[in-house]
Amino acid sequence: MTTPESKSCEIRSLIVPRNRRTPVRNSWASIVEVLTKQLKLMVCMKTDKKSWKIFIKPSLETRDAQHIQKGYDFVNAFLKGFKYEDALAVVRIDGIYVNSFHITDVKQTLKPLVKTQVMTMVSGEYNSLLSNILCIGFNKLSFTVRRK
1 MTTPESKSCE IRSLIVPRNR RTPVRNSWAS IVEVLTKQLK LMVCMKTDKK SWKIFIKPSL
61 ETRDAQHIQK GYDFVNAFLK GFKYEDALAV VRIDGIYVNS FHITDVKQTL KPLVKTQVMT
121 MVSGEYNSLL SNILCIGFNK LSFTVRRK
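If you're matching positions, the sequence shown starts at 1 in the UniProt record's numbering and goes up one per residue.
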């Protein structure tokens, strides 16, 4: 456990994308409950017209230093497009993290049909490593990986 002085200076911030503002607004009470009751973190959301930001920092009641990372990963998973229940797995299961990449980062010129094939191939090929493929978008693949 760290001292209160070192806890107060560690603040994590996340920018809410425009396409995730409505889901965040609808699930905000549940998100805050998990962060404050289970992980004992302090959280606030600053909403401007141009950008929304979520700030997470440990409180004096925070027992474990890893709780701030779990809270950050939970909110980050939700912002990447995971459902609330699926993002909650990051908090409940140890050794799990969220990873995502844009398919166009791998190859710049892909036709829409080929993008779907690439996402299917990635999700099928590495099925032994991936515990779940939870969110497949048109250009983006997000998944959770459990470390063994």
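We put the CB at the ideal spot given by N, CA and C, even for glycine.
Note that the coordinates shown come from a computational prediction; the quantities given were computed from them, not determined experimentally.
Query - Secondary structure of V16, DSSP reduced to three states - result: In the structure shown, V16 sits in a strand (DSSP, three-state: E or B).
Query - In DSSP terms, what K70 is bridged to - result: Paired residues: none, contrary to the question.
Query raised in the report: Considering only the beta carbon of each residue, do Q31 and V16 sit closer than 9 Å?
Result: Contrary to the premise, residue 31 reads as Ile rather than Gln in this sequence. Contact flag unset, no.
Query - Cα-Cα separation, K50 to I93 - result: Spanning the two alpha carbons is a distance of roughly 35 Å.
Requested in this report: Report the residue from V98, R18, G71 whose alpha carbon sits nearest the alpha carbon of K57.
Outcome: The shortest Cα separation from K57 among V98, R18, G71 belongs to G71.
Query raised in the report: Where A77 and T36 are concerned, what is the direct C-alpha to C-alpha distance, given to the nearest angstrom?
Result: When rounded, the distance between both Cα atoms is 17 Å.
Requested in this report: Could you tell me if D48 is buried or exposed, where buried requires 16 or more neighbouring beta carbons within 10 angstroms of its beta carbon?
Outcome: Within 10 angstroms of the beta-carbon of D48 lie fewer than 16 other beta-carbons, which makes it exposed.
**Report entry** T22, enclosing alpha helix (DSSP H) - first and last residue
**Finding:** That run of the alpha helix (DSSP H) goes 21 to 33.
Query - Proximal residues to I11 (C-beta, below 8 Å), its chain only, five neighbours per side dropped - result: So the qualifying residues of the chain are F55, I56, K57.
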